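This report refers to the structure that appears directly beneath it.
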Amino acid sequence: MAAPATLRLVSHHLCPYVQRAVIALTEKGVAHERTYIDLAAKPDWFTALSPLGKVPLLLVDEATALFESAVICEFLEETAPGVRLHPDDPVERARHRAWIEFASATLASIAGLYAAPDAATYEGKRADLAGKVAWLERALGARPYFAGERFSLVDAAFGPVFRYFDTFEAMLPSLGVFDATPKVQAWRTALTGRPSVRNAVTADYPERLAIFLKGRKSHLSRSMV
Ligand SMILES: N[C@@H](CCC(=O)N[C@@H](CS)C(=O)NCC(=O)O)C(=O)O
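For what it's worth, the numbering used here labels the leading residue of the sequence shown as 57, then goes sequentially.
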């Protein structure tokens, strides 16, 4: 692969971790290019660059491919000028990093939900997800974003989490995970309206996600209308 003339993000159309990096790049106004790959047929150049075989990768120069979305976002925070996406206070910053980890755990719960082979496993994953959303409700303070007026990397991590529910709500019986969490609902609405979050995926994302979910051969795929 040719050496990147500018930052290049190796991406996949559906990957929520890629979206975190795209949102951080956009919020910081960092020029970059994106290369989308097929994770079912990984190109050799990608396998040679990615120690874990996962996207996102950020190619920063000829010799350097950064991997892991959290590391990429931290690198952008440290190197890109402009708006800060982490709090200044070290305790708050550590707390934010912890909630970004929580976003990853929530993504794992979502993956468990759409892969659940039967109704009982599905209900267990649904309840697990509802429990996580309840934790978020208790963690949220000032509106509209996780830390009030200032958009942060926690928001960049949860925008892609909430995006799944737009498709779930269009195609499934209600999951009920937001029923008793008005603060999370308001946060979700604010993130959906944020241009960096909205534009972190291509226009055909909903169709691509629907095809992906239908292909799971799971309880969720059988419940889709
Ligand atoms: N911890 C990683 C997770 C990235 C990840 O799971 N990427 C998935 C796509 S969303 C992937 O590349 N999977 C390919 C594979 O595991 O073979 C991060 O935060 O970057």
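We put the CB at the ideal spot given by N, CA and C, even for glycine. Every value quoted in this text rests on a predicted model; they were computed, and no experiment measured them.
Give the DSSP bridge partners of residue i, in chain order.
| i | result |
| --- | --- |
| D117 | T120 |
| S67 | Y92 |
| R206 | A203 |
Given the structure, does residue i come close to ligand 1, in the sense that its CB is under 7 Å from one of the ligand's heavy atoms?
| i | result |
| --- | --- |
| M225 | This sequence places Glu at residue 225; Met is not what is there. Not under cutoff, so the answer is no. |
| E124 | yes |
| G215 | no |
| H69 | no |
| P112 | yes |
| G284 | Nothing can be reported for residue 284: it is not among the residues displayed for the chain, which extend from 57 to 281. |
| L95 | yes |
Should residue i and residue j be called a contact, given that it needs their Cβ atoms to be closer than 8 Å?
| i | j | result |
| --- | --- | --- |
| D211 | L163 | no |
| V86 | L141 | no |
| L209 | A80 | yes |
| R90 | S125 | no |
| F214 | A159 | yes |
| A121 | L105 | yes |
| F218 | R250 | no |
For my contact list, residue i and residue j are in at a C-beta cut-off of 8 Å; report their separation, rounded to the angstrom.
| i | j | result |
| --- | --- | --- |
| P200 | A242 | 7 Å |
| K239 | E193 | 5 Å |
Give a yes or no on whether the minimum CB-CB distance between residue i and chain B is below 8 Å.
| i | result |
| --- | --- |
| H275 | Absent from the structure: chain B. Only one protein chain is present. |
Check whether the region 169-186 and the region 263-280 touch, using three or more Cβ-Cβ pairs below 8 Å as the test.
yes
Using 8 Å as the cut-off, can you tell me whether the region 259-275 makes contact with the region 218-232, which would need three or more C-beta pairs spanning the two stretches below that distance?
Yes, they touch.
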